[in-house]
Amino acid sequence: MSIAIFPGSFDPPTYGHLNLIQRSAAIFDRLHVLIAVNPNKSSFFSDEDRLFMMQELCKDLPNVTVITWSTFVVEYARQHHIQTIIRGVRPLSDFANEFEQALYNYQLNDQVETLFMPSAGKYAILRSSALREIALLGGDITSMAPKVVADMMHKKLNIDK
Numbered sequence: 001m002s003i004a005i006f007p008g009s010f011d012p013p014t015y016g017h018l019n020l021i022q023r024s025a026a027i028f029d030r031l032h033v034l035i036a037v038n039p040n041k042s043s044f045f046s047d048e049d050r051l052f053m054m055q056e057l058c059k060d061l062p063n064v065t066v067i068t069w070s071t072f073v074v075e076y077a078r079q080h081h082i083q084t085i086i087r088g089v090r091p092l093s094d095f096a097n098e099f100e101q102a103l104y105n106y107q108l109n110d111q112v113e114t115l116f117m118p119s120a121g122k123y124a125i126l127r128s129s130a131l132r133e134i135a136l137l138g139g140d141i142t143s144m145a146p147k148v149v150a151d152m153m154h155k156k157l158n159i160d161k
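The opening residue of the sequence shown carries number 1 in the UniProt record's numbering; numbering runs sequentially from there.
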């Protein structure tokens with residue numbers, strides 16, 4: 001059985017994340033979506049909110065499991081006998097950071113390989129940070145994030161939509 005991990009902060013999740021999850025779920029028998037929990041970083045959404053949104057977005061994908069995780073992704077891989085990490089990459093500037101992270105992961109666990117998946121063209125510039133900024137300024141985010149995410153963004157920002 002082929003199993004992969006798709007880690008991220010998903011703060012908030014976007015259509016770009018969902019696209020990569022759907023594509024990865026079509027390739028692997030099982031996909032574990034790991035929501036990074038880092039107590040040293042402040043998140044826009046709580047861990048529970050990010051978990052709820054990702055579970056909602058993945059509920060129609062029977063081979064996808066969504067969890068929160070607060071330590072190394074490669075440790076999760078080791079504990080669950082998973083050998084593949086999927087990382088989405090947008091423009092070339094993303095690749096340098098992702099490549100460096102892949103090298104660190106390989107040093108921590110050389111039994112896990114990182115596969116880079118390019119974003120679908122229409123999501124190539126979509127970033128969670130940009131989505132947050134657009135929403136904060138009152139812009140329309142419905143083309144960038146699924147309804148559950150847009151609704152939670154509007155609620156958190158106290159915006160009527």
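For every residue, glycine included, the Cβ atom is placed at its ideal position computed from N, Cα and C.
Remember, predicted model here, so these are calculated numbers, not experimental data.
Own chain partners of residue i with C-beta closer than 6 angstroms, once the 5 adjacent residues on each side are dropped
| i | result |
| --- | --- |
| L61 | A25 |
| R132 | F44 |
Integer-rounded CB distance, given that residue j should sit under 8 angstroms from residue i
| i | j | result |
| --- | --- | --- |
| A145 | P91 | Not confirmed; about 20 angstroms, so no contact. |
| L126 | T14 | 5 angstroms |
| D47 | M1 | With a Cβ gap of about 28 angstroms, D47 and M1 do not count as contacting. |
| Q83 | Q107 | Rounded, the Cβ-Cβ distance is 16 angstroms, inconsistent with contact. |
| A36 | G16 | Not really, about 16 angstroms apart at Cβ, beyond 8 angstroms. |
| L57 | V148 | 7 angstroms |
Selected residue, minimal CA-CA separation from residue i, among the options
| i | options | result |
| --- | --- | --- |
| R87 | D49, F72, E113, M152 | E113 |
| residue 163 | K147, I159, V64, I21 | The question about residue 163 has no answer, for the chain in this structure spans 1 to 161. |
| G138 | K147, M153, Y76 | M153 |
| S42 | K155, E100, D11 | D11 |
| L115 | V149, E100, S129 | E100 |
| H81 | I159, H32, L157, N158 | H32 |
Boundaries of the alpha helix (DSSP H) in which residue i is found, first to last residue
| i | result |
| --- | --- |
| R90 | It is not in any alpha helix (DSSP H) - R90 carries neither H nor E in the DSSP assignment. |
| F52 | 47–58 |
| M152 | 147–156 |
| L131 | 128–136 |
| A124 | From DSSP, A124 is part of no alpha helix (DSSP H); its letter is neither H nor E. |
8 angstroms Cβ cutoff met for residue i and residue j
| i | j | result |
| --- | --- | --- |
| V73 | I5 | yes |
| T71 | L51 | no |
| R78 | N105 | no |
| T142 | A130 | no |
Residues near residue i by beta carbon distance below 7 angstroms, same chain, minus five either side
| i | result |
| --- | --- |
| Q55 | V66 |
| Y76 | I5, L34, W69 |
Cut-off 8 angstroms between Cβ atoms - residues of its own chain near residue i, not counting five sequence neighbours on either side
| i | result |
| --- | --- |
| N19 | S119, A120, Y123 |
Limits of the unbroken beta strand (DSSP E) element including residue i
| i | result |
| --- | --- |
| H17 | No beta strand (DSSP E) contains H17, which is instead part of the alpha helix (DSSP H) from 15–27. |
| A36 | 30–36 |
| V66 | 64–69 |
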